[in-house]
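Chemist:
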Ligand code: UD1
Ligand code: CA
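Numbering (our numbering), first residue to last: 52 to 504.
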């Protein structure tokens, strides 16, 4: 029989050290709130139910934790009296009776399901408490795992630790598995006589042992267990996340010349043989197909780049940009809500917004689709194999038919039918010899000024 499991996610803390107007678990790693990363890991741990303990910014935290398909029950911890007290906020859920309880923290965003599963395995093998620990050369701020005769005997919080205990580098991740049948009894025994006057969840180790229970620990990779209490740690966690994901992508066949300069979002998808040049930033919702090339200094968000398309250098793809196979969006171009057809080229200094560009079309340098009248957005439809001359403004709503030709410098305000040539600019005038006259007049004025001193 499968063991039942309740996951309790603690996210009620005051986030004092974050010095922020919002709860720390709402701060983003890889453009996704920390709490959503945690829910994701928990959901992969074959749990039966998820209890989310909220306090500060309760509604916003509950909303950020709601990710596809995971049902979450929220519990309000009215006062912040510590992690042990926080778990008991979910008393009603725990009291329903589960084989396993796993407790995890909303501020440990790099965790994966691996250590949680290992901790559950420890319960299945008869432990009452399984602590998830990690080894680090930066233990400051973490509770330390104290061992005697090969057994975990206590977790000591930094503030309560002696110098000798602080020298210990085996740390508490905060993640823990508890025998679900004994959990309420064990939790209700936690007191608050410690340096912070809080109810520490970590006291369960000593409590369970004093009742003759078995307490064990499993080790997790340091990176996964890195906690996040302040902005410096947030930046550190972001760095670790980015390094981990870039590595995964490179191993899966994506080329990066200077991976340390590429920034990914939690949902960035990049296909095999794509090449990502230095200093590229992916906002949420970017999908890059196999073999696409993203040149340096491009910013891509909510956009799809099909196989063999090229982007940049210095291009910006905004939400709704969709580049078909073999198309090209070059330097200093911006595409928003724009489809670029197969093999079409948008090479230089152009804005394409709310626009469809047909296959094989060439958009000249400096072309602007004028999609906004100050109030509403309008569509531009450009057919296949058209040629839009440089420095043209296409004032939407407007359409350009297949194979049409727009002369450079045009302001196009009316539809151009297929195969037509459109001029939308003043006709050029020629005045033979007039340049010499102008120049001589200017020189004479300069000479007169100089004579006057
Ligand atoms: C905690 C652990 C420490 C461990 C570290 C790992 C305790 C006593 N200490 O310390 O051993 O090394 O995490 O990162 O457990 N929270 C509530 N309600 C509260 C207090 C906290 O929901 O009343 C939540 C916070 O939102 C946070 C989590 O519990 O998500 C941990 O709280 P935090 O104050 O960050 O604990 P640490 O001091 O980091
Ligand atoms: Ca913490």
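The C-beta atom is built at its ideal place from N, Cα and C for all residues, glycine as well.
Sorry if obvious, but does the Cβ on residue 20 come closer than 7 Å to a heavy atom of ligand 2?
Modeler: Limits of the chain in this structure are 52 at one end and 504 at the other, which puts residue 20 out of reach.
Chemist: Given a threshold of 16 other Cβ atoms within 10 Å of its Cβ, counted over all protein chains shown, does residue 388 qualify as buried or as exposed?
Modeler: Per the 10 Å Cβ criterion, buried.
Chemist: To the nearest whole angstrom, what separates the beta carbons of residue 399 and residue 416, a pair I think is in contact under 8 Å?
Modeler: Right, the Cβ-Cβ distance comes to about 4 Å (below 8 Å), so this counts as a contact.
Chemist: Cβ of residue 206 versus every heavy atom of ligand 1: is any distance shorter than 7 Å?
Modeler: Under cutoff, so the answer is yes.
Chemist: Is the stretch 113 to 120 close to the stretch 198 to 206, with three or more CB pairs under 8 Å?
Modeler: Segments in contact, no.
Chemist: Is residue 158 a contact residue of ligand 3, with contact defined as CB to any heavy atom under 7 Å?
Modeler: Questions concerning ligand 3 fall outside what the structure shown contains, since the ligands it does hold are ligand 1 and ligand 2.
Chemist: Assuming residue 361 and residue 379 form a contact by the criterion Cβ under 8 Å, report the distance between their Cβ atoms to the nearest whole angstrom.
Modeler: Confirmed, about 5 Å.
Chemist: Secondary structure at residue 325, three-state DSSP: helix, strand or coil?
Modeler: Residue 325 falls in the coil class under three-state DSSP.
Chemist: Please classify residue 450: does DSSP put it in a helix, a strand, or coil?
Modeler: Correct three-state label for residue 450: strand.
Chemist: Assign residue 456 to one of three DSSP states: helix, strand, or coil.
Modeler: Residue state, collapsed to three classes: strand.
Chemist: Which stretch, first to last residue, makes up the alpha helix (DSSP H) that contains residue 431?
Modeler: Residue 431 -> not in any alpha helix (DSSP H); beta strand (DSSP E) instead, spanning 431 to 433.
Chemist: Looking only at DSSP bridge pairs, what is residue 385 linked to?
Modeler: DSSP output for residue 385 lists 367 and 402 as bridge partner(s).
Chemist: Which parts of the stretch 291 to 347 are runs of the beta strand (DSSP E), unbroken and 3 residues or longer, counting only runs that do not cross its ends?
Modeler: The qualifying runs do not exist here; there are none.
Chemist: Which residues in the same chain as residue 292 place their Cβ atom closer than 7 Å to its Cβ, once the five residues preceding and following it in sequence are excluded?
Modeler: The answer, listed in chain order, is 80, 81 and 161.
Chemist: Please determine whether the Cβ atom of residue 61 lies at a distance below 7 Å from any heavy atom of ligand 1.
Modeler: It does: the Cβ of residue 61 is within 7 Å (strictly closer) of some heavy atom of ligand 1.
Chemist: Indicate the three-state DSSP secondary structure (helix, strand or coil) for residue 53 in the structure shown.
Modeler: Here residue 53 sits in coil by DSSP.
Chemist: Beta-carbon within less than 8 Å of residue 453's beta-carbon, same chain only, minus the 5 sequence neighbours each way: which residues are those?
Modeler: Contacts found: 409, 434, 435, 436, 437, 469 and 470.
Chemist: Quick one: give me the first and last residue of the alpha helix (DSSP H) that residue 203 is part of.
Modeler: Counting along the chain, residue 203 falls outside any alpha helix (DSSP H), though it belongs to the beta strand (DSSP E) covering 202 to 207.
Chemist: Excluding sequence positions up to five away, which residues of its chain have a Cβ less than 6 Å from the Cβ of residue 344?
Modeler: Closer than 6 Å at the Cβ level, and outside the excluded window around residue 344, lie 326 and 361.
Chemist: Between which residues of its own chain and residue 281 is the CB-CB distance below 8 Å, once the five residues before and five after are set aside?
Modeler: 68, 69 and 70.
Chemist: Where residue 276 and residue 111 are concerned, what is the direct C-alpha to C-alpha distance, given to the nearest angstrom?
Modeler: Approximately 24 Å between the Cα atoms of the pair.
Chemist: Near residue 444, what residues of its chain come up, given a Cβ to Cβ distance below 6 Å and the 5 sequence neighbours on each side ignored?
Modeler: If we look at residue 444 and ignore the five residues flanking it on each side, its Cβ neighbours are 419, 421 and 462.
Chemist: Using 10 angstroms around the beta-carbon of residue 298, count the other beta-carbons present and answer buried if the total reaches 16, otherwise exposed.
Modeler: Exposed is the call here.
Chemist: With a 10 Å radius around its C-beta and 16 neighbouring C-beta atoms as the bar for buried, classify residue 423 as buried or exposed.
Modeler: Residue 423 comes out exposed.
Chemist: Can you list the alpha helix (DSSP H) stretches of 4 or more residues lying completely in the stretch 133 to 179, in chain order?
Modeler: Within the stretch 133 to 179, the complete alpha helix (DSSP H) runs of at least 4 residues are 134 to 139, 142 to 145 and 164 to 175.
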